[in-house]
Amino acid sequence: MEVSPEFAVQMHGIVKKFGAYTALDHVDLDVRKQTVHAILGENGAGKTTLMNILYGLYQADEGSVYMDGKEVSITSPTEAIAHGIGMVHQHFMLVENFTVTENIILGDEVCGAAGVLDMRKARKEVMELVEEYGFDVDPDAVIQDITVGMQQRVEILKALYRGAEVLILDEPTAVLTPQEIEKLIEIMHDLIAKGKSIIIITHKLKEIMQSADECSIIRRGVYMGTVDVKNSSETELASKMVGRNVNLTVEKTPAHPADVTLSIRGLTVKDERGIEQVRDLNLDVRSGEIVGIAGIDGNGQQELVDAICSLAKATSGAILMNGQEIQNTNPRNVLNHSVAVIPSDRHRWGLVLPMMVEENTVLERHGEDMFGKGIMLDYEKLHEFTSKLIESYDIRPAGCEEERMSGLSGGNQQKAIIARQVSYVPDLLIAFQPTRGLDVGAIESVHKTLIAERDRGAAILLISFELDEVMDVSDTIAVIYHGQIVGTFAQGTVDENQLGLLMAGGEAK
Amino acid sequence: MDNFILLLGITLMYSTPLVFGALGGVISERSGVTNIGIEGMMVIGAIAGAAGSYFTGNPWLGFLAAGVCGALVALLHAVASVSFAADQTISGVAINMLAPGLALFMCRQLFEGAAMTPIATKLPKILGEDGLAGTPFANLNVNVTTVIALLFTVIMWFVLYKTKWGLRVRAVGEHPAAADTLGINVYRVRYICVLVSGMLAGLGGASMTIAIISQFTQTAISGHGFIAMAAVIFGKWKPFGAYGACLLFGFTQALVILLGGGEFVIPSQILSMLPYVMTIIVLVIFVGRSVAPKADGIPYVKGSR
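Chains as they are written, first to last, in the working numbering: chain W, -6 to 502; chain S, 11 to 315.
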C-alpha cells in the first residue's frame, strides 16, 4: 500500500526477531483514518508483538512506521503517546487502589507550583472527558470497586486524556460480559464518529464482524492480507487465520448414554462468607454423554466444581461417583475415583508455570510407579510420557518437554492440561471453561477431545459461561441459576432465548 | 504528673531513631523495594554521625555525614535489587551483616583500635541545654532530632499524597508496568526512593549516637532497624501510621527505663525485652492483615508481566 495521509497508521515490512525465533516476518498494516481495523490471528501469531512495536515497547528489527503519511520513529511509550497513540492492554494497566482520576492523570499530572497536585482541576478535566464521550464512569471511584467494563473505559479515558487519535485495544472483549461487549462496540463506533481511529486485536470472529471495517490477518508472524469485513464471512476469516478450513460448528454423532457415573443429590455448598452458593442441587451425568451447564458467572458453578473435587465443604447432600460417596473427602480420593478436572483458571489451579512442561504433565500422578522408584523421580520416564502427549495433542512448540510451562502460549498450556487430564482415562471429566481465552483453532481441538472422550465412554460435565459452547457441545443442557438447576433439556429441544431467560432467573415458556 | 511527663519525654526521645528508620522503610517499600537493610544503614549512620561530629566538632556536619553514608550503603541495595533484580531480602540481609562489621572496623581504624568512639558533640535540644531546667517540664525539652523526625513525617506525607512525585512513587509500588506504559521511569523512581530510604535510616542512626547518647558503641543500634520495619507494617506503610507505631515502641522503651529505675522489683533483663516482645506481638497480629504495596519486593523487569 502506498504511503498516504489517508491512513492514520501504516506499518510496512515489519520484522521482529527474538533470538533465533522470528515473531514477525515482513508484516504490513494500513489503518485508514476513522475506521475500526481488526488484527486477527491465533494466540502467538504476533498480533500483540506488532502493537507493542507501534506503542514503542519493542523496537522492530526492520521496517518503517508512518503516521498521517509521514515516517515516524517510536522508541518508547512516551513517544507513542506524543504521536497520539494510546494503548489499552489486555491486562489492564490500572493501579487498583487509586481512584479513576488518579489513574487517568498518572504520568501527566495536573499540577500547581512545585509538583503539588491540583486534584480539583484534574477531576474537572476528567469529568469533561467523561461527559464528552458519554462514559458511565465515576471519577472518584476506586478501581478495585468498579466492574471490569468500567475499568476498561477508564483505560480508554487514559488514552483520550493524553490526546490519543489512534487507539489500540488488545483483546478488549476477553474479560467482558455480553452486555459490556455491546456497550464497548457502541463506544468504538462513537469514537470513530468523533474522528479517532481504532486498532483492535482479537481472535473473536463474531466481534470483528460486528465492529470492524477492515481486518488484517497474521498467521505465525506472516501477513496474510487485509479483507473488507463487509464482504467477508466468519468462515473465510477463520480459514485465513488458521490456514486450513475450520469447522465452526461442532460435529458429533448422537450420544449413547449408559449408567449414571456422577450423581449429585441435594447438594448445598456455602462460600467462605457463609452464603449458600449451591442450594439443594440435583444432577446426573451418565457415562457416554456430555452434560453442559449454562449459566452466568457467579451462580454457583465454581462452588459446585470445588465441592465435587473436595476443595469445598458440602454442607448437606451427597456426591456419588459410580455409586460411592466422595463428598467431603480430599482431592486425592476424588482423583482415585477417576475424576479428572480441567480447571477454569489454568494459571491458578492447573499449572505451575515456572516448572517444566514434563513436570506439569505428571503433577497429580508423579507418585505412580511408572514415573520412578521410591522417593526418586525418573525424569527419562517423565520425558517419554510427555513426548507422547505433546505428539498426540499437538502441543507447540514440539520438543518443549523441558521448557518452562510459562513459555507456552495460552492455547498450548490449555492443551497440556487437557492432555494430562485425559491421560488418566477418567470415568468423569469435568471441563470448566475449557476454551477460555483460546482461539478458534484451539477451541475446535478442545471440543473434539471432549467428544472423543465421550465416545470412549467417559461422562463429561461441561461448565461454561459461553452459551454457544454449551449449546453446541452438550448432549444435555442444564441451566444453573442461584445455585440450583432450573431446567434440563436435551440438545436441540431448546433455543438461546429460552436458556437466556432461565439463566437470568426468569421462567421458561 | 511528673511521671507522665517523664514518660512522654522518654517516649519521644526513644521513638526518634525509630521514626527515621520507619520513614525510610515507608518510602522504599512504597516504591516497591523491600528494605530489610534499614538496621545496617542505621548502624552506618550511627558511626558516621558520631565520627563526623567528633572530627569536625560540628554535630550538624556529623548528622549530614550520617545521611550521606546511609544513602551510600543504600546505593548497594539499589544496584542489587533495582538494576540487577536481585532478591531484595538477600540484599538487605547482606547489608545487615556487613554494616556492624564495617562500622566496628572504621571505628578501630579511626580511633586507635577502640570499639567505641570518644564522646562527640551532641545535637542541641530544642530549648537549649538548660531549657525548662528546674521546672516539671524539663523532660519535654526534647532533642532537635525529635522535631526533625516529625517534620520529615509531615513532608513525606505531603509528598506521597499531595504531589505528582508521590503519586508516581505509589503507582510504581503498586503496578510498575502501568507506570512504565505511561512514561514513568520505574528504575529511577525506585533508585531515588531507596537512596532516600538509606539517608533517613542513616539520620536515624545518628539521632541515636549524637542526640540520645553521645558516642558510637557496638550496641547503640541493636534491633532498632527491625523495630522500625515492624512499625512500617503496623503503620500500614503510611508516614503517620509508622510515626504512631514508633511512638508505641518508644513508649515501651520508656516503660523499661521508668520501671527499671523505680520501686518495682522486675529484673531489668526481663524489662529490656519489652520493646522486642512488643514488636513480635505487633507483627504476629498485623502481618498478613495490613496490605503491603502490591509490587513490594518484586523486582521490575521490563516486558515481563
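Built from N, CA and C at the ideal position, the CB exists for glycine as well.
If you ignore the 5 residues before and after P250 (chain W), its C-beta comes within less than 8 Å of the C-beta of R279, S280, G281, E282 and D468, all in its own chain and listed in chain order. With distances taken between CA atoms, A167 (chain W) lies nearest to W:T428 out of W:L492, W:A412 and W:T428.
Between S41 (chain S) and V179 (chain S), the CB-CB gap stays under 8 Å.
Contacts between T71 (chain W) and chain S, judged by CB atoms closer than 8 Å, involve G193 in chain order.
Among the residues of chain S, none has a CB under 8 Å from the CB of E394 (chain W); the nearest is roughly 23 Å distant.
For G343 (chain W), the CB contacts under 6 Å within the same chain, skipping 5 residues up- and downstream, are P336 and I410 in chain order.
Runs of alpha helix (DSSP H) with 4 or more residues, each lying fully within the region 100 to 161 of chain W, are found at 112 to 126 and 141 to 154, listed in chain order.
Taking a Cβ-Cβ cut-off of 8 Å, L170 (chain S) has no neighbours in chain W, whose nearest Cβ is about 11 Å from it. The beta-carbon of I67 (chain W) is placed no less than 8 Å from the nearest beta-carbon of chain S. Boundaries of the beta strand (DSSP E) around K10 (chain W): F0 to F11. Cα atoms of L460 (chain W) and E489 (chain W): separation of roughly 8 Å, rounded to the nearest angstrom.
Taking a Cβ-Cβ cut-off of 9 Å, L161 (chain S) has no neighbours in chain W, whose nearest Cβ is about 17 Å from it. Bounds of the beta strand (DSSP E) holding V334 (chain W) are V332 to I335. When DSSP assignments are scanned along the region 390 to 468 of chain W, the uninterrupted stretches of alpha helix (DSSP H) that are 4 or more residues long and fall wholly within it turn out to be 403 to 415, 433 to 449 and 460 to 466. Annotation for S101 (chain S): the continuous alpha helix (DSSP H) segment containing it runs Q98 to L120. Under the 8 Å Cβ criterion, the region 188 to 198 of chain S does not count as touching the region 74 to 82 of chain S, having fewer than three qualifying pairs.
The three-state secondary structure of I280 (chain S), taken from DSSP, is helix.
Taking C-alpha positions only, P132 (chain W) is separated from V123 (chain W) by approximately 8 Å. Identification of chain W residues near W175 (chain S) by a Cβ-Cβ cut-off of 7 Å yields G108, ordered along the chain. Counted as a single uninterrupted DSSP element, the stretch harbouring A305 (chain W) is not any alpha helix (DSSP H), since DSSP gives it neither H nor E.
Using a Cβ-Cβ distance cut-off of 8 Å, the region 69 to 84 of chain W and the region 144 to 162 of chain W are in contact, since at least three pairs of beta carbons, one from each stretch, lie closer than that value. Note on I46 (chain W): 16 or more other CB atoms within 10 angstroms of its CB, so buried under the neighbour-count rule. Per the C-alpha coordinates, the member of W:G310, W:M234 and W:V222 positioned closest to G259 (chain W) is W:G310.
With fewer than 16 other Cβ atoms inside 10 Å of its own Cβ, Y171 (chain S) counts as exposed.
Here M349 (chain W) is near E395 (chain W), since their CB atoms are less than 8 Å apart. With contacts defined by Cβ atoms closer than 8 Å, A1 (chain W) and V24 (chain W) form a contacting pair.
By the CB criterion at 8 Å, D420 (chain W) and N353 (chain W) fall outside the cutoff. Taking C-alpha positions only, I473 (chain W) is separated from G493 (chain W) by approximately 11 Å. Burial state of E446 (chain W) is buried, judged by a 10 Å Cβ sphere holding 16 or more other Cβ atoms.
In the three-state reduction of the DSSP assignment, Y48 (chain W) falls in the coil class. When the beta-carbon positions are compared, S232 (chain W) and V243 (chain W) stay at least 8 Å from each other. Under the 8 Å criterion on CB atoms, N90 (chain W) is classed as interfacial with respect to chain S. Within chain W, the residues H82, H84 and M86 have their CB atoms less than 9 Å from the CB of A187 (chain S), given in chain order. Burial of D432 (chain W) is indicated by the presence of at least 16 other C-beta atoms within 10 angstroms of its C-beta. In the structure shown, R341 (chain W) adopts helical secondary structure according to DSSP, grouped into three states.
The way I'd put it, the region 198 to 205 of chain W doesn't touch the region 114 to 128 of chain W; fewer than three beta-carbon pairs between them come closer than 8 Å.
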